[in-house]
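Numbers given in the numbering used here equal positions in the sequence shown, counted from 1, plus 727.
Built from N, CA and C at the ideal position, the CB exists for glycine as well.
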Amino acid sequence: MTPVFQRPVEKAIPGEDRQPEPGIRMPRISVEGVSKIYRSKKWEFTALDRIDLTVEEGEFVSLLGPSGSGKSTLLRLIAGLEPPTEGRIRVDGRTVKGPGADRGMVFQRYTLFPWLTVEQNIAFGLRLRGESRAKRREVVEHYLRKIGLEAFRSAYPKALSGGMQQRVAIARALANRPSVLLMDEPFGALDPITKGQMQEMLVQLWEQEGTTVIFVTHDVEEAIFLSQRIVIMAANPGRIIAEVRVPFGRSRGYDLRDTEAFLHLKRQIVRRLEPVMAEK
Ligand SMILES: Nc1ncnc2c1ncn2[C@@H]1O[C@H](COP(=O)(O)OP(=O)(O)OP(=O)(O)O)[C@@H](O)[C@H]1O
Ligand SMILES: [Mg+2]
């Protein structure tokens, strides 16, 4: 297999906010010359340095890089939780100006509402939007089935394991039918077996629902197993140093990890990451 590193990919579409025109495909997400600089009176720190990235509809992209490379910062900017210092981010052609229901977020730490049951957590966004009880029930049933937690519908989060809580958090995010799912090391705190099961579930969900996913991780195997494309980042300043296309199809089973092609790609990525890990 030949090396697969590439960069830059497509240039973002210039111009003002655009609505999708019939027959013209536009990226679901475009990050255009985005920098994030944190400043105080005494110091200045470039967390992200001129990031350009486009993500297509239905694509699964991972951000992979050492601690401090700006992965979470980039995700927060796309989520609209913070503004970029320079540049602009567009989702479906519209400039991101704050959080929105079009972008669902799942964090590493379990963020379910502890006072709501599993079903109420999943239905939270739908309720906020004023969806009917029948509609809420239909959506909740759909996702309870997908995450295999029908028996726990009335349980409160504290009665669930970490893996179960994360399944509910993913269902809660997907129930809003976001066009983009942003995930920041969602399985980072799980044991390896549960983590593997969650990854398989996520691949299946992504395949069935067609959601666009940006997934942050510093686990090389996780990035390869899940993604179609891996964006490799480095720190000081946070920047993109390479992109890798992952040549495996959508339906992926756990055994993929044992294949020569998988291990070959893993070695290539590790070799690319080693110097930037040592930089810190
Ligand atoms: N609010 C802030 N004020 C100052 N510096 C910040 C702030 N948020 C992030 N940073 C800095 O920006 C850099 C990137 O942080 P970020 O959390 O995005 O890294 P990361 O790639 O997600 O790392 P990790 O793998 O450890 O989660 C870090 O050096 C961090 O200290
Ligand atoms: Mg982070």
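Which of helix, strand or coil DSSP assigns to residue i
i: Arg803; result: helix
i: Arg872; result: helix
i: Leu780; result: strand
i: Ala969; result: strand
i: Met925; result: helix
i: Met1004; result: helix
i: Glu858; result: coil
i: Met960; result: strand
i: Arg984; result: helix
i: Glu809; result: coil
Buried or exposed (CB count within 10 angstroms, at least 16 for buried), residue i
i: Arg755; result: buried
i: Glu948; result: buried
i: Leu990; result: exposed
i: Phe1057; result: Because the chain is modelled from 728 through 1007, residue 1057 falls outside the range shown and cannot be assessed.
i: Ile920; result: exposed
i: Arg856; result: exposed
i: Tyr837; result: buried
i: Pro826; result: exposed
Same chain, Cβ closer than 8 Å to residue i, neighbours up to 5 away in sequence not counted
i: Leu917; result: Gly889, Gly890, Gln893 and Met925
i: Glu846; result: Val867, Leu871, Arg880 and Ser881
i: Val833; result: Gln893, Ala896, Ile897, Ala900, Leu908, Leu909, Met910, Asp911 and Pro913
i: Ile805; result: Ile756, Val758, Ile816, Val818, Val823, Arg830, Val907, Leu909 and Ile941
Sequence-distant residues of its chain with Cβ nearer than 7 Å to residue i (five each side left out)
i: Lys885; result: Pro841
Residue i - partner residues in DSSP beta bridges
i: Phe942; result: Ser789 and Met910
i: Glu771; result: Arg766
i: Gly831; result: Leu908
Own chain partners of residue i with C-beta closer than 6 Å, once the 5 adjacent residues on each side are dropped
i: Leu802; result: Leu909, Asp911 and Val943
i: Arg966; result: Asp776
i: Ile968; result: Ile959 and Ala961
i: Lys922; result: Phe914
i: Ser794; result: none
i: Glu934; result: Arg977
i: Ile941; result: Val788 and Leu909
i: Phe975; result: none
For residue j and residue i, believed in contact at Cβ under 8 Å, the rounded distance
i: Ser796; j: Met960; result: 4 Å
i: Leu932; j: Leu901; result: 7 Å
i: Thr773; j: Pro964; result: 4 Å
i: Arg972; j: Arg998; result: 17 Å between Cβ atoms; not a contact.
i: Glu936; j: Tyr981; result: That belief does not hold up - the Cβ atoms of Glu936 and Tyr981 are roughly 21 Å apart, past 8 Å.
Cβ of residue i within 9 Å of any chain D Cβ
i: Asp776; result: Although the question refers to chain D, the structure presented lacks it and comprises just one protein chain.
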